[in-house]
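Numbering (the numbering used here), first residue to last: 1 to 318.
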């Protein structure tokens, strides 16, 4: 269905049922005082005269604030919007008797108004979110720049990166150079909200295309994977499932971002795992991970890339 029409339970839609079906309209009753639940479709609340008692002006204003456009049906003898109804919350008024054409015209205009309101709300929300993110990154940058203890700094980098992305787990690799001058990645730190009992065992891996972290370090570019169990057959890197299988965990989405010095030299790799819908969710079994884990969006990648840049400079200074 393309449109959504909410209404009080007592509204008789029979006179317009065929026209509403032809225009792909889903009709749904809304109990008095209930919060509207709707998706991204334009949504209208059709208020009939008997329903006015159950929906006072304050409640109608609340519906409008939620993104609904309200169309009021007139009572017999009403030629205009009754003074008791909040004009600023209404998107249309249809006189009695409401013919099919008059109603559809009012609904079309209201659906357009609903879409416009929700777009404005979305832009405002995103703008506020961007402002909060800039402030957060600035605050994180200050914390990183003032921390001189190396191990504490690494913990801080991984903790903050997981927090701002709502990642369930993460790990941090640092670049080491051996006596022969060969650079390798050391698995230095790991965090897992759902399975804090998974032990940390340090090891090193080559900086090459065989592993996910090695690939990100080798290419010095972010690597975003929606599901590490479903890697395309033509990629060079692979994912080791041994930890998942041993502890009953399900690694799904992953973001690997290199941390570089101010000269662009790769100093380590920040790896985030399983971005969640809600930070407090515990991924207790694979079915929960399938349902609650999200992919890392382009905006999230941009956000973490900025943090990784700050982290790289902080590691270099430390």
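Using N, Cα and C, we set each Cβ at its ideal position, and we do this for glycine too.
Check, Outcome
"On the DSSP bridge assignment, give the partners of residue 172 in chain order.", "189 and 270"
"What does a CB cutoff of less than 7 Å around residue 274 pick up in its chain, not counting 5 residues either side in sequence?", "167, 168, 169, 251, 252, 253, 283, 289 and 293"
"Specify the secondary structure class of residue 305 as computed by DSSP and reduced to three states.", "helix"
"Taking 8 Å as the threshold, find out whether the stretch 150-158 comes into contact with the stretch 233-240 through three or more Cβ pairs.", "no"
"Please confirm whether residue 115 and residue 42 have their CB atoms less than 8 Å apart.", "yes"
"Suppose you measure from the CA of residue 261 to the CA of residue 316; what does that come to, to the nearest Å?", "6 Å"
"Would you mind giving the Cβ-Cβ distance between residue 249 and residue 162, rounded to the nearest angstrom? I have them listed as a contact below 8 Å.", "Incorrect: roughly 15 Å between the Cβ atoms, too far for contact."
"Measuring CA to CA, which of 190, 269 and 100 is closest to residue 23?", "100"
"So, is residue 277 buried or exposed, given that buried needs 16 or more other C-beta atoms within 10 angstroms?", "exposed"
"I'd like to confirm the pairing. Which residues does DSSP put opposite residue 27 in its beta bridges?", "5"
"According to DSSP, simplified to helix, strand and coil, what is residue 238?", "strand"
"Touching or not, the stretch 174-189 and the stretch 221-229, by the rule of three or more beta carbon pairs under 8 Å?", "no"
"Please classify residue 92: does DSSP put it in a helix, a strand, or coil?", "strand"
"Could you give the residue range of the alpha helix (DSSP H) that holds residue 164?", "150-165"
"Tell me, to the nearest whole angstrom, how far the beta carbon of residue 66 is from that of residue 36; I am working on the premise that it is less than 8 Å.", "6 Å"
"Rounded to whole angstroms, what's the CA-CA distance from residue 266 to residue 158? Just pull it up for me.", "17 Å"
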